[in-house]
Amino acid sequence: MNDNQLLRYSRHILLPQIEYEGQDKLVNSHALIVGAGGLGSPVALYLAAAGVGTLTICDFDVVDLTNLQRQIVHTTSAVGVNKAVSAQATLLAINPEITVNTVCEKSSETDFEKLIIQAD
12 MNDNQLLRYS RHILLPQIEY EGQDKLVNSH ALIVGAGGLG SPVALYLAAA GVGTLTICDF
72 DVVDLTNLQR QIVHTTSAVG VNKAVSAQAT LLAINPEITV NTVCEKSSET DFEKLIIQAD
């Protein structure tokens with residue numbers, strides 16, 4: 012981890028359940044999030060803030076004004092934007108040291124199998 016990451020994640024590193032080794036595993040982990048809606052939205056925020064190094068977000072839907080009270084990764088300015096792309100922008104604003112991949116189209120079972128294999 013670089014100096015910025017050590018400072019950013021210092022509170023995690025202080026926890027005996029995580030320490031440096033655990034945080035280093037998070038930084039080098041890849042999580043797949045299927046859907047950036049009511050459940051995927053807060054999950055994505057917490058994983059990004061915790062320092063999971065790579066997130067792949069799959070969602071083919073677009074942000075609607077009616078989503079905003081419960082899909083907290085999206086903002087008013089993202090209405091009409093693909094949810095995966097909207098989430099990516101928010102997550103990188105929160106933590107620019109992570110990688111956020113997007114899948115913006117409907118995925119087949121074969122596509123999901125490939126995505127699952129790539130994630131931890």
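In this text, residue positions in the sequence shown follow our numbering: the first is 12, and each later residue adds one. Yeah, the Cβ is synthetic: ideal placement off N, Cα and C, and Gly gets one too.
Proximal residues to Tyr20 (C-beta, below 6 Å), its chain only, five neighbours per side dropped: Gln34 and Gly62
So, for Thr65: in the same chain, excluding its five sequence neighbours on each side, which residues have a beta-carbon less than 6 Å away from its beta-carbon? His41 and Thr110
May I have the straight-line CA-CA distance separating Leu126 from Leu43, to the nearest angstrom? In a straight line, the C-alpha of Leu126 is about 7 Å away from that of Leu43.
With a threshold of 8 Å on Cβ separation, who are the neighbours of Leu58 within its own chain once the five nearest residues in sequence on each side are excluded? Ala42, Ile44 and Leu66
Residues in the same chain with beta-carbon distance under 6 Å from Asn112, minus the five sequence neighbours each way, listed in chain order, please. Thr67
Compare the beta carbon distance of Ile24 and Ala60 with 9 Å and say whether it is the shorter of the two. no
Host alpha helix (DSSP H) of Leu18 (start-end): For Leu18, the enclosing alpha helix (DSSP H) has its first and last residue at Asp14 to Arg19.
Please identify the residue among Glu124, Val114, Asn15 and Glu120 whose C-alpha is closest to the C-alpha of Cys69. Val114
Just verifying my parser: in three-state terms, what is the DSSP assignment at Val2? The requested residue 2 does not occur in the structure, where the chain is confined to residues 12 to 131.
Roughly how many angstroms lie between the CA atoms of Ala55 and Gln16, to the nearest whole one? 18 Å
Identify the continuous beta strand (DSSP E) that holds Val63 and give its terminal residues. Taken as a continuous stretch (DSSP letters only), Val63 belongs to no beta strand (DSSP E), as it is neither H nor E.
I'd like to know whether the C-beta atoms of Val90 and Ser52 end up nearer to each other than 9 Å. No; because the gap between Cβ atoms is not below 9 Å, this pair is not in contact.
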